[in-house]
Every structure is written in C-alpha cells, then in structure tokens.
Amino acid sequence: MTPQTLMHGTGVFPDVGVGRVVLLNNSQAIREMIPFYCILEKDVQTEVNRFFQAVETTKLEIEELKKSMSEKLSASHLAIFDAHLLVLDDSLLMNKTVEHIKKNKHNAEHAFYTIMNDLLKQFAGIDDAYLKEKSEDLHDISSRVIHNLMHKDKLKEIDSITITEPTILVAQVIHPSDLKLLSDPNIVGIATDLGGKTTHTAIIAKALELPAVVGLHDVTRQTDNGEMMVVDGIEGQVLIRPSENEIRQYNQKHQMRIQLMDELKILSDLKPLTKDGVPVSLLANIELEEEVEKAKLFRAEGIGLYRSEFIFLTVAPLLPTEAQHFAVYKNLVEKVKGEIVVRTLDLGGEKFFHEVLETYSQQNPVLGLRAVRFCMTRKDIFRTQLRAILRASALSNRLRLMFPLISGVDELKSVLDFLETVKSELDSEGISYNHDIKIGIMIEVPSAAAIPDLLAHYVDFFSIGTNDLIQYFLAIDRTNDEVNYLYQPLHPGLLRLLQNVFQAGETQDVRVAVCGEMAGNPRFTLLLLGLGLREFSMTPSSIPVIKKIVTSVTLSQCKKIASDALKMDASNKIEAYIERANKKLIPEFERILKSLL
Ligand code: PEP
Ligand code: MG
C-alpha cells in the first residue's frame with residue numbers, strides 16, 4: 059500500500075474536510091482526448107462555423123454560471139466571468155484559429171488547442187505570478203470550448219465520477235468555471251498545486267466557506283481518484299491516505315470546531331474586557347466585500363485590515379478605475395459600523411503582478427518592488443486609489459488609510475508628500491474629503507520595527523504585520539519547507555521588537571494594532587496582551603475564540619507571562635512556558651487547541 063503523505067501549503071479557509079479525492083482539470087487527459095484529423099477543402103466553412111458555434115455555446119455557459127453564482131458572489135467577483143467572456147471576444151485569437159483551420163485543413167478542436175497552447179507556452183516562459191494565473195484562465199476557457207466542440211459537458215463528466223459522498227477536489231488550480239460544481243454539498247475541501255492567499259482559488263474557497271489548502275506544489279501527482287484525503291485549512295496542510303484513526307480524529311476536529319463555534323457565539327454580545335476590566339478591540343481582516351457579513355456575525359468592532367489587492371485582482375487584466383475603487387470603499391462605509399482601515403495596494407511577492415511586469419520583472423520579488431515601493435513608481439495607479447479612498451472619507455470619518463511595507467522615515471515622508479499632492483488636486487477640483495483622515499502604516503519591515511518612536515511623529519496609528527515581519531526579521535522564506543522550522547513567532551528577538559513598538563506607541567500616543575496571523579492565534583493572546591497589545595485584527599471566525607481568552611484572564615496575569623517570556627533565551631523555552639500558562643489560566647484551552655489548531 060502506498061504510504062500516507064503529509065504536505066504543507068497555505069491554508070485559506072480555516073476548517074477541516076475529510077473525503078475521497080476527485081482530480082480535476084487533468085490537462086494531460088484533455089490533451090489525449092482531443093481528436094486530430096484533416097478536413098476537405100469543401101468542409102472548411104462548416105468547420106469554421108462549428109468552431110464559432112462552440113465559442114457561442116461557451117459564452118452562454120459562462121453567462122449561465124455567472125447568473126447561478128450571483129447570490130453567492132459579489133458583483134466585483136462575478137467580474138471574473140466577464141474577463142473570461144473578454145477572451146472569447148478576442149478577435150485576434152478567434153482569427154488565428156480560423157486561419158489555422160483554413161490553412162492547415164485541421165479540425166477545429168486541434169486548431170484551437172494549438173493556438174491556445176502556443177499562447178500558453180509564451181506565458182510559461184515568463185516568470186510572473188500574475189501571468190501564471192492568467193494562463194490558468196486560458197486553460198479553463200480552452201478546455202470549455204474544446205469540450206463543447208466535442209459535445210461533452212465538462213460538468214456532467216465530472217458528475218459521472220460520482221460526487222455522492224464527501225469529496226475533496228484536487229487540481230492544479232480551481233477555475234471560476236468550476237464554481238457550480240463547488241456548490242455541491244458533497245464537496246468538503248479543496249487542495250491545489252498552485253496559488254497563494256490572493257488567487258482565484260482562495261477567493262472562491264473563502265466565498266463558499268470550503269476548507270482549502272493551496273500552493274501544495276504537486277498534490278495532483280501525489281494522489282489519485284478515490285483515495286482518502288484530509289484538508290486541514292487551519293494548519294495549511296493535507297494528509298493523503300490517512301489511517302482510519304486519523305480520519306476519525308479529523309472528523310472529530312471538524313465536529314468539535316462546529317460545536318465550539320456554536321458555544322462561542324453565546325459570547326457574541328459580551329464586551330471584550332479582561333477580568334480586571336481592561337478593554338480590548340477585536341477587529342476583522344477582510345479581503346472580500348462578502349466577508350463584511352462574517353465580520354458582523356462574529357461581532358468585530360470594525361475592519362482592522364481591508365486588503366485592497368482584491369479590487370485589482372477581480373478586474374484584471376484591466377486596472378480598477380477610480381469609480382470602481384470608490385464603489386468598494388463606499389460600500390464598506392455603508393455596511394460597517396466601526397472603523398475601517400483600507401490598506402493601499404500591496405502588490406508583489408506572492409501577490410499577483412500586473413500589466414507592468416515586463417518593465418518590472420524581478421529576481422526576488424519579496425525583497426523587491428512591492429507595496430508602496432511599487433506604488434511610488436506607478437503613481438498613476440497609486441493616485442487613482444488614493445483619490446477614491448479620500449473621496450470615500452468624506453462619507454465617514456471612520457474610514458482610515460494605511461500604507462504597507464514602510465521601511466523608514468524618508469520613504470514614509472515621500473509617500474505622505476504624494477498623499478498631500480493628491481489632496482491638493484482634489485482641493486483644486488473642489489472635491490470634498492475628510493481633511494483629518496487618520497493615517498497609519500504597517501510595521502512589517504524590521505527596519506521600521508526598530509524605529510517606531512521616529513515613525514510615530516508622522517502617523518496616527520501602526521498595525522504590525524507579523525506575517526511579513528517574521529519572514530523578514532528571521533530571514534525565512536515561508537514558502538520554503540526546508541527552513542520552515544525556523545519560522546518562530548516566539549523568537550526572543552521578535553518579542554523584544556514587538557514590545558518596542560507597543561511601548562513607543564504608548565509613549566507617543568499612537569495606536570498600535572497587530573493584523574498578522576499572530577493576532578488570531580489563541581496560543582499568543584495572553585503574551586501579546588502582556589506585551590502591551592490592545593487591538594487585535596484577524597480572520598473574522600477567530601474573533602469568538604480570542605474573546606474567550608481575553609475575558610478569562612486579568613491584565614496582571616498577562617504582564618507576568620510577558621515579563622517571564624522576555625527573560626528566556628530561545629523560542630522553544632518560551633513556547634513550552636506559554637503553553638503551560640495558557641492551560642493553567644484558561645480551563646478550556648486544550649479543547650480550543652484541539653478544535654482550532
Ligand atoms: C502581514 O504581513 O502580517 C499582513 C497582515 O499583511 P499580508 O499578510 O497581507 O502581507
Ligand atoms: Mg504584509
């Protein structure tokens with residue numbers, strides 16, 4: 059029997075799913091299926107007509123899919139389908155296929171496959187995350203048209219694999235056209251080779267609340283149809299061929315999570331105060347407008363981080379217009395009662411790269427032209443976004459503005475200067491905005507974390523991005539399994555750095571939040587409270603658990619934990635110590651860990 063395999067990737071929706079594998083989008087199989095034959099001169103026009111007929115059918119299918127998903131996805135995400143329709147309207151692509159049919163007298167399936175494949179090969183030669191994602195869209199469209207030419211229904215074919223029991227879909231990526239299939243209640247998880255937190259698969263999994271792990275590199279090669287698999291979106295891992303016992307344990311974990319979430323909902327209306335009455339703010343990180351409802355359900359005080367990259371992703375390959383930006387921010391202001399922190403575009407790294415790639419292709423994008431660095435070189439893109447945020451700020455002073463990846467005072471000043479320029483442009487056009495809009499920065503580059511006192515002079519608030527801060531501070535590429543063991547949120551150096559930022563914030567009256575994953579991990583709550591944190595921003599569904607922890611302890615207990623931890627010299631010691639402290643102070647802690655982590 060093939061041994062079981064544990065694979066690590068990026069967890070997208072934090073839940074566990076156990077089911078049998080169905081492999082999707084097997085491009086090799088599609089290639090083998092495509093018929094190839096020559097046609098007679100007299101049949102050329104019939105073949106061309108047949109091709110156009112299949113393109114029209116595909117368009118209708120996409121329209122149909124879009125309609126059927128309209129209740130599940132917001133208008134901006136439904137735009138993914140419009141992008142697909144645009145490809146099918148691309149006259150160059152269509153003409154090339156017709157030319158191929160006419161010139162070579164090949165059947166339409168083969169002609170279209172050849173043209174699309176040539177295009178995909180050109181894309182493959184360019185090392186760029188954005189184009190890779192676009193290639194996946196092209197694969198999707200190509201296989202749909204070919205299926206229609208062959209009079210095969212892609213969905214029916216998948217149905218015939220029989221989705222009658224809990225199923226994990228395994229694919230290179232999940233395409234928007236797979237959405238309908240994903241709504242089947244028997245689909246309990248997704249595992250993909252490609253993708254990060256900001257790809258289509260992630261958006262889709264989140265919107266449909268499916269446990270998902272993306273970026274597993276070659277999960278499609280490590281498993282086969284019918285095998286059992288566990289998708290653990292909480293830990294970001296999948297277990298292929300689990301034992302009976304493991305299946306039981308993971309199913310239990312899923313049930314316990316559901317039960318715990320139900321119980322914690324009772325806490326919903328409790329104020330997040332420590333036992334000795336210290337108020338703590340629990341805010342939500344969101345990427346999709348749909349998540350506002352989740353944030354409300356879990357009683358988030360506001361949106362501590364709105365990752366605006368998604369506005370760009372949904373309209374790609376176009377750039378969002380000022381009106382499109384504005385519509386999103388206006389919607390947030392109207393729907394959310396508390397504060398809303400809009401973070402300006404954080405593009406780069408694992409996040410998609412756009413139409414600018416040819417000019418900015420980079421060897422090491424995580425250390426390269428990312429976030430504000432990129433925006434300052436593409437002021438056209440930056441200006442459009444800033445104008446929209448400022449205009450939306452006229453609707454409410456709850457709207458705040460935050461800049462990512464600030465590394466020092468010079469850079470911050472130049473970004474703020476540009477903001478002033480944009481404000482003056484609005485002034486001269488007579489457009490109103492909130493002149494006192496609160497401005498913040500992410501503290502996620504170690505050089506910024508070392509000088510919070512200096513940066514504090516220029517802004518109203520800080521939000522610590524522990525995801526990037528840990529990666530940069532400890533020099534760990536989070537996507538590299540070889541060095542994963544060094545990814546230590548409890549490194550003594552990191553604790554000192556965090557304390558430094560909290561203290562500077564307190565002394566200089568600058569609010570400090572944490573919006574990285576640490577804020578939503580119950581293991582770290584007491585320690586962060588003790589180090590001085592009062593604002594936690596996290597995935598909405600983590601809020602009830604963190605509230606449970608906050609309301610179970612006094613601040614003096616937390617301060618003692620932090621001061622003990624700061625005296626220790628290695629993360630494993632700190633980890634063991636805070637685990638003991640958590641268990642001692644929070645009777646439910648072991649149960650929480652079992653169902654959540
Ligand atoms: C972070 O870096 O911790 C963060 C919250 O930002 P992102 O995960 O979007 O980079
Ligand atoms: Mg970050």
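With this note's numbering, you'll find the sequence shown wraps up at 655, consecutive numbering, no jumps. From the three backbone atoms N, C-alpha and C, an ideal C-beta is built for every residue, glycine too.
(request) Decide if residue 264 is buried, meaning its Cβ has at least 16 other Cβ atoms within 10 Å, or exposed. (result) That one is buried.
(request) Return yes when at least one heavy atom of ligand 2 lies under 8 Å from the C-beta of residue 359, else no. (result) Because no heavy atom of ligand 2 lies under 8 Å away, the Cβ of residue 359 does not count as near it: no.
(request) Could you pull out every unbroken alpha helix (DSSP H) segment of at least 4 residues lying fully inside the segment 77 to 161, listed in chain order? (result) Fully enclosed alpha helix (DSSP H) runs of 4 or longer: 85 to 91, 102 to 126 and 133 to 146.
(request) Would you kindly work out how many angstroms separate the C-alpha atoms of residue 213 and residue 227, rounded to a whole number? (result) Low confidence applies here, because residue 213 scores a pLDDT of 43, under 50, leaving its location unreliable; read the following figure in that light. About 13 Å.
(request) Check each candidate in 639, 204 and 601 and name the one with the smallest Cα separation from residue 359. (result) Residue 601 is the option with its Cα nearest to residue 359.
(message) For ligand 1, I want to know if residue 548 counts as a neighbour, meaning its beta carbon is within less than 8 Å of at least one of the ligand's heavy atoms.
(response) Because no heavy atom of ligand 1 lies under 8 Å away, the Cβ of residue 548 does not count as near it: no.
(request) Could you check what DSSP says for residue 461 in three-state terms: helix, strand or coil? (result) Looking at residue 461 - three-state DSSP - the assignment turns out to be strand.
(request) Kindly give me the distance between the Cβ atoms of residue 651 and residue 619, rounded to whole angstroms, as I take these residues to be in contact under 8 Å. (result) That belief does not hold up - the Cβ atoms of residue 651 and residue 619 are roughly 17 Å apart, past 8 Å.
(request) Put residue 508 into one of helix, strand or coil per three-state DSSP. (result) Coil, per DSSP.
(request) Assign residue 200 to one of two classes, buried (16 or more other C-beta atoms within 10 Å of its C-beta) or exposed (fewer than that). (result) By the neighbour-count rule (16 or more Cβ atoms within 10 Å), residue 200 is buried.
(message) Less than 9 Å between the beta carbons of residue 70 and residue 224, yes or no?
(response) Their beta carbons are not under 9 Å apart, which means residue 70 does not touch residue 224 by this criterion.
(request) Flag this pair as touching only if the segment 318 to 333 and the segment 93 to 109 have three or more C-beta atom pairs under 8 Å; answer yes or no. (result) With a cut-off of 8 Å, the segment 93 to 109 and the segment 318 to 333 do not count as touching, because too few Cβ pairs lie within range.
(request) Could you spell out where the beta strand (DSSP E) holding residue 356 opens and where it closes? (result) No beta strand (DSSP E) contains residue 356, which DSSP labels as neither H nor E.
(request) Drop a sphere of 10 angstroms on the beta-carbon of residue 337, count the other beta-carbons inside from all chains shown, and report buried for 16 or more, exposed for fewer. (result) By the C-beta density criterion, residue 337 is exposed, having fewer than 16 other C-beta atoms within 10 angstroms.
(request) Pull up the DSSP beta-bridge partners for residue 225, would you. (result) According to the DSSP secondary-structure assignment, residue 225 is paired through a beta bridge with 78 and 245.
(request) Have a look at residue 415 and residue 177 and give me their C-alpha separation to the nearest angstrom. (result) Residue placement at residue 415 cannot be trusted, given a pLDDT of 38 that sits under 50; what the coordinates show is reported in the next sentence. In a straight line, the C-alpha of residue 415 is about 17 Å away from that of residue 177.
(message) For residue 216 and residue 207, what's the separation of their Cα atoms in angstroms?
(response) Any reading at residue 216 must be qualified, since the residue scores a pLDDT of 48, below 50, and its modelled position is unreliable; no value is offered.
(request) Please confirm if the segment 512 to 532 is in contact with the segment 549 to 565, defined as three or more CB-CB distances below 8 Å between the two stretches. (result) Here the segment 512 to 532 makes contact with the segment 549 to 565; the two share three or more CB pairs at distances below 8 Å.
(request) Could you check the C-alpha separation between residue 113 and residue 168 for me, to the nearest Å? (result) In this model, residue 113 and residue 168 are separated by some 14 Å (Cα to Cα).
(message) In the DSSP assignment, the alpha helix (DSSP H) including residue 486 goes from what residue to what residue?
(response) Looking at the DSSP string, the run of the alpha helix (DSSP H) that includes residue 486 is 467 to 486.
(request) Determine the direct distance from the alpha carbon of residue 366 to that of residue 621, and round the result to whole angstroms. (result) Just so you know, the alpha carbons of residue 621 and residue 366 end up roughly 37 Å apart.
(request) Note down, in chain order, each residue of its chain lying with its Cβ closer than 7 Å to the Cβ of residue 612, except the 5 sequence neighbours on either side. (result) Taking C-beta separations shorter than 7 Å and ignoring five residues to either side along the sequence, the partners of residue 612 in its chain run 332, 333 and 334, following chain order.
(request) For residue 648, count neighbouring C-beta atoms within 10 Å of its own C-beta (all shown protein chains included) and say buried if the count is 16 or more, exposed if not. (result) Exposed is the call here.
(message) Is residue 404 close to ligand 1? I mean its beta-carbon at under 8 Å from any heavy atom of the ligand.
(response) Yes, since a heavy atom of ligand 1 falls inside the 8 Å radius drawn around the Cβ of residue 404.
(request) Check each candidate in 571, 460, 572 and 166 and name the one with the smallest Cα separation from residue 495. (result) Shortest Cα-Cα distance from residue 495 to any of 571, 460, 572 and 166 involves 460.
(message) Let me make sure I understand the geometry here. Which of 139, 314, 121 and 125 has the alpha-carbon closest to that of residue 372?
(response) Cα-wise, what sits closest to residue 372 is 139.
(request) Determine which residues share a DSSP beta bridge with residue 295 and list them. (result) Residue 295 is bridged by DSSP to 66 and 290.
(message) Distance check for residue 154 and residue 471, CA to CA, integer angstroms please.
(response) Residue 471 and residue 154: Cα-Cα distance of roughly 51 Å.
(message) For ligand 2, I want to know if residue 198 counts as a neighbour, meaning its beta carbon is within less than 8 Å of at least one of the ligand's heavy atoms.
(response) For ligand 2, not one heavy atom lies less than 8 Å from the Cβ of residue 198.
(message) So within the segment 530 to 554, which uninterrupted alpha helix (DSSP H) runs reach at least 4 residues, ignoring any that extend past its ends?
(response) DSSP runs (the alpha helix (DSSP H)) wholly in the segment 530 to 554: none.
(message) Closest to residue 465 by C-alpha separation, out of 530, 344 and 435, would be which residue?
(response) Nearest to residue 465 by C-alpha distance, out of 530, 344 and 435, is 530.
(request) Using 10 angstroms around the beta-carbon of residue 489, count the other beta-carbons present and answer buried if the total reaches 16, otherwise exposed. (result) By the beta-carbon neighbour count (other beta carbons within 10 angstroms, threshold 16), residue 489 is exposed.
(message) Tell me which residues pass a beta-carbon proximity test against ligand 2: closer than 5 Å to any heavy atom, given in chain order.
(response) So the residues near ligand 2 by this Cβ test are 502, 523 and 526.
(request) Spatial neighbours of residue 124 within its chain, please: CB distance less than 6 Å, with the 5 preceding and 5 following residues excluded, ordered by chain position. (result) So the list reads 136 and 139, once near-sequence residues are dropped.
(message) Mapping the DSSP letters down to three states, classify residue 164 as helix, strand or coil.
(response) DSSP places residue 164 in strand when its eight states are reduced to three.
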